[in-house]
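Reviewing the structure listed below.
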Amino acid sequence: MARAIAGGLLFSTVITLVVLPTVYAAIEDAGERFKASWRRAGGAPSAAPSAVVVEA
10 MARAIAGGLL FSTVITLVVL PTVYAAIEDA GERFKASWRR AGGAPSAAPS
60 AVVVEA
């Protein structure tokens, strides 16, 4: 039983300290790459709306 507890603690520690930060960084990088490609394709809205001139 002690081996099962030690194995579970070791497994959860590795998951918490190694796997989760790696997955988080990969998802974060993929999001940044998607945003950059979206901006290059012209899909991002402009920062400020353009002025509309109405003549009467």
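Numbering (the numbering used here) for the sequence shown: 10 to 65. Glycine included, each C-beta is placed from N, C-alpha and C at the ideal position. Being a predicted model, the structure only gives us computed values, none of them experimental.
Close beta carbons around residue i, own chain, < 8 Å, minus the five adjacent residues each side
i, result
"ARG49", "none"
"ALA13", "none"
Cβ-based neighbour list, residue i, same chain, cut-off 7 Å, excluding 5 preceding and 5 following
i, result
"ILE24", "none"
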